[in-house]
Amino acid sequence: MTVTFADLTTMRVGGPIGRLMVAETSAQAVEAAREADAAGDPLLVMGGGSNLVVGDTGWEGTVIRMASGEFDVAGDRVVAAAGVDWDRLVRASIEAGLAGLEALSGIPGSVGGTPVQNVGAFGTLTSDLLESISVYDRETRTVDRWTPDRCGFGSHRQSVFKHSDRWLVLEVTFRLRRGSQSKPIEYAELAHKLGIEVAGTAPVTDVREAVMALRRNKRMVLDPDDHDTWSVGSFFINPVLAEVPVRASECPQYFDIKGTKLSAGWLIHRAGFPPGYGTQWGNGAVALSSRHALAVTNRGGATTADIMKFAAHIREGVEACFDIRLGPECDLVNCSF
Ligand SMILES: Cc1cc2nc3c(=O)[nH]c(=O)nc-3n(C[C@H](O)[C@H](O)[C@H](O)COP(=O)(O)OP(=O)(O)OC[C@H]3O[C@@H](n4cnc5c(N)ncnc54)[C@H](O)[C@@H]3O)c2cc1C
59 MTVTFADLTT MRVGGPIGRL MVAETSAQAV EAAREADAAG DPLLVMGGGS NLVVGDTGWE
119 GTVIRMASGE FDVAGDRVVA AAGVDWDRLV RASIEAGLAG LEALSGIPGS VGGTPVQNVG
179 AFGTLTSDLL ESISVYDRET RTVDRWTPDR CGFGSHRQSV FKHSDRWLVL EVTFRLRRGS
239 QSKPIEYAEL AHKLGIEVAG TAPVTDVREA VMALRRNKRM VLDPDDHDTW SVGSFFINPV
299 LAEVPVRASE CPQYFDIKGT KLSAGWLIHR AGFPPGYGTQ WGNGAVALSS RHALAVTNRG
359 GATTADIMKF AAHIREGVEA CFDIRLGPEC DLVNCSF
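Following my numbering, the numbering of the sequence shown begins with 59 at its first residue and continues without gaps.
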């Protein structure tokens with residue numbers, strides 16, 4: 059039976075996969091990449107498919123799905139293969155008496171996917187805790203261990219891996235902290251949920267519970283029965299601008315090393331697209347999540363073409379209102395809007 063991207067991604071759209079290689083170990087992933095490259099076969103690497111939208115025509119070449127599930131806790135270090143389920147690792151690190159990853163609870167996808175867009179939530183970024191990454195370089199055909207300074211982190215959700223297919227992330231090492239208390243919680247919504255002051259601390263188990271509750275409320279934890287979670291999380295990226303247009307001056311603004319970061323969710327909502335928008339638009343197969351204006355969701359039966367059409371509609375509305383052009387946060391392969 060032909061496997062499609064609709065079967066393997068959280069947005070549940072996308073066409074057939076030419077040749078699927080499920081890599082149970084890093085060695086298998088490297089071998090599969092070397093084989094595909096030697097044969098001149100186009101190669102796409104994926105983990106949990108939670109930040110990936112592929113066109114309805116699919117991918118004619120090889121897809122390597124990272125399924126290497128080994129991880130190890132040693133002292134204050136956690137070493138995990140790329141295919142490990144991210145939230146499984148977060149939970150295990152807390153159970154092993156380590157603090158650091160708790161604010162990143164409940165994020166779908168694989169360990170190997172986290173450095174690609176420097177995954178973050180509630181004031182914590184992957185790059186804050188990363189010690190090294192083992193990487194296969196398709197150009198030099200070698201495996202190397204990188205420190206975070208080579209990864210191009212800095213500006214919002216960026217890394218050298220994000221717009222390149224040159225490297226396979228094979229294994230990630232996090233340096234955490236022995237202890238049961240969190241770092242100071244600077245994120246007001248989370249502090250409020252925990253019943254503490256901003257910059258206060260809390261037991262990491264409580265932080266995980268609070269984060270999961272906040273995420274569930276925003277439909278940001280995968281649930282196959284809930285179309286609000288048939289998404290890639292935030293579809294649009296928060297724009298980083300050298301200059302904020304006057305029309306957008308009321309939008310929440312944050313520092314970014316490349317300029318000023320604006321809230322895409324605020325722009326979308328204020329441009330006339332509140333959470334839930336879309337069920338009455340087009341064929342109704344795509345809509346914003348009922349709890350989150352940034353999440354484009356598949357209401358069931360959507361195609362990638364439907365998703366692209368809807369995303370273009372939102373982008374045009376925001377551009378007309380604020381003179382700001384939104385781009386995707388997820389990886390779009392063989393499709394665009
Ligand atoms: C409901 C929901 C909530 C979310 N919440 C958040 C959130 O709070 N914060 C956040 O930052 N993100 C969030 N996301 C986005 C997503 O979960 C993360 O980006 C995740 O890290 C993607 O991992 P993945 O394994 O699913 O990657 P995939 O979707 O499989 O791939 C994404 C990209 O990474 C590349 N890639 C994946 N694995 C590797 C590898 N081993 N080596 C090289 N390249 C690789 C792929 O080629 C692709 O370009 C959310 C998504 C959903 C569906």
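Note that CB positions come from ideal geometry on N, CA and C, so glycine has one too. None of these values were measured; they are calculated from a predicted model.
Problem set entry | C-alpha distance - G375 paired with G330, whole-angstrom precision | Here residue 375 refers to the residue found at position 317 of the sequence shown. Here residue 330 refers to the residue found at position 272 of the sequence shown. Approximately 8 Å between the Cα atoms of the pair.
Exercise. For the beta strand (DSSP E) that contains S347, what are its first and last residues?
Worked result: Position 289 of the sequence shown holds residue 347. Unbroken beta strand (DSSP E) run through S347: V344 to S347.
Exercise. CB-CB under 6 Å to M366, same chain, minus the five flanking residues each way: which ones, in chain order?
Worked result: Here the question's residue 366 lines up with position 308 in the sequence shown. Around M366: C393 and F395.
For this session: Give the secondary structure of N356 by DSSP, where H, G and I count as helix, E and B as strand, and everything else as coil.
Result: Numbered from 1 along the sequence shown, position 298 holds the residue referred to as residue 356. Of the three classes helix, strand and coil, the one that applies to N356 here is strand, per DSSP.
Exercise. Hey, is M278 close to ligand 1, as in C-beta under 6 Å from one of its heavy atoms?
Worked result: The sequence position of residue 278 within the sequence shown is 220, counting from 1. Yes, the beta carbon of M278 sits closer than 6 Å to at least one heavy atom of ligand 1.
For this session: Run through the region 70-141 for me and flag every whole beta strand (DSSP E) of 3 or more residues, listed as ranges in chain order.
Result: 75-81, 101-104, 110-112, 117-124, 129-132 and 135-139
For this session: Give the range of the beta strand (DSSP E) segment to which S190 is assigned.
Result: Within the sequence shown, residue 190 is the residue found at index 132, counting from 1. Note, S190: beta strand (DSSP E), L188 to D195.
For this session: Give the secondary structure of R273 by DSSP, where H, G and I count as helix, E and B as strand, and everything else as coil.
Result: Numbered from 1 along the sequence shown, position 215 holds the residue referred to as residue 273. Residue state, collapsed to three classes: helix.
Exercise. Grouping DSSP H, G and I as helix and E and B as strand, with all else coil, what is E387?
Worked result: For the purposes of this step, residue 387 is taken as residue 329 along the sequence shown, with counting starting at 1. Of the three classes helix, strand and coil, the one that applies to E387 here is coil, per DSSP.
Exercise. Any heavy atom of ligand 1 closer than 6 Å to the Cβ of P166?
Worked result: By 1-based counting over the sequence shown, the position of residue 166 is 108. Flag set: Cβ of P166 near ligand 1.
Problem set entry | Through-space distance from P386 to L325, alpha-carbon basis | Against the sequence shown, residue 325 aligns to sequence position 267. Against the sequence shown, residue 386 aligns to sequence position 328. Distance between the alpha carbons of L325 and P386 is about 14 Å.
For this session: For S347, count neighbouring Cβ atoms within 10 angstroms of its own Cβ and tell me buried if that reaches 16, exposed if not.
Result: Taking the sequence shown and counting its residues from 1, one reaches residue 347 at position 289. Looking at its Cβ environment, which holds 16 or more other Cβ atoms inside 10 Å, S347 is buried.
For this session: Compute every distance between the C-beta of S108 and the non-hydrogen atoms of ligand 1, then say whether any falls below 6 Å.
Result: What you label residue 108 is simply residue 50 of the sequence shown in a count that begins at 1. Yes, the Cβ of S108 comes within 6 Å of a heavy atom of ligand 1.
For this session: Tell whether a beta-carbon distance below 7 Å holds between F294 and L384.
Result: The residue given as residue 294 occupies position 236 in the sequence shown. The residue given as residue 384 occupies position 326 in the sequence shown. Taking 7 Å as the Cβ cut-off, F294 and L384 qualify as a contacting pair.
For this session: Could you tell me the boundaries of the alpha helix (DSSP H) in which V148 lies?
Result: Within the sequence shown, residue 148 is the residue found at index 90, counting from 1. Per DSSP, V148 belongs to the alpha helix (DSSP H) from W144 to E153.
Problem set entry | CA-to-CA distance, P333 to I382, given in whole angstroms | Within the sequence shown, the letter at position 324 stands for residue 382. Within the sequence shown, the letter at position 275 stands for residue 333. Answer to the nearest angstrom: the Cα atoms are 20 Å apart.
Exercise. With C-beta atoms as the reference, is N356 less than 7 Å away from M69?
Worked result: As a working note, residue 356 is residue 298 in the sequence shown. As a working note, residue 69 is residue 11 in the sequence shown. Yes, the Cβ-Cβ distance between N356 and M69 is below 7 Å.
Exercise. Nearest to D130 by alpha carbon, out of E153, E377, T120 and A369?
Worked result: For the purposes of this step, residue 130 is taken as residue 72 along the sequence shown, with counting starting at 1. If we check each option's Cα against that of D130, E153 comes out closest.
Problem set entry | Whole beta strand (DSSP E) elements within the region 191-244, 3-residue minimum | 200-204 and 225-233
Exercise. CB of M79 to nearest heavy atom of ligand 1: below 6 Å?
Worked result: Within the sequence shown, residue 79 is the residue found at index 21, counting from 1. Outside the cutoff, so no.
Exercise. Are the CB atoms of R273 and T287 nearer to each other than 7 Å?
Worked result: Position 215 of the sequence shown holds residue 273. Position 229 of the sequence shown holds residue 287. Cβ distance not < 7 Å, so R273 and T287 don't count as in contact.
For this session: Report the rounded CA-to-CA distance for T120 versus S126, giving the unit in angstroms.
Result: Mapped onto the sequence shown, residue 120 falls at position 62. Mapped onto the sequence shown, residue 126 falls at position 68. Going by the C-alpha atoms only, they are around 18 Å apart.
For this session: Excluding the 5 residues preceding and the 5 following G116 in the sequence, name in chain order all residues of the same chain whose CB lies nearer than 8 Å to its CB.
Result: Position 58 of the sequence shown, counted from the start, is the residue given in the question as residue 116. If we look at G116 and ignore the five residues flanking it on each side, its Cβ neighbours are T62, F63, G72, G73, P74, I75, G76 and N392.
For this session: Could you please give the first and the last residue of the uninterrupted alpha helix (DSSP H) stretch that includes F180?
Result: Taking the sequence shown and counting its residues from 1, one reaches residue 180 at position 122. Looking at the DSSP string, F180 is not in any alpha helix (DSSP H), and its letter there is neither H nor E.
Problem set entry | Separation of E118 from A90, as counted between CA atoms | Translated into the one-based positions of the sequence shown, residue 90 becomes position 32. Translated into the one-based positions of the sequence shown, residue 118 becomes position 60. Whole-angstrom Cα-Cα distance: 16 Å.
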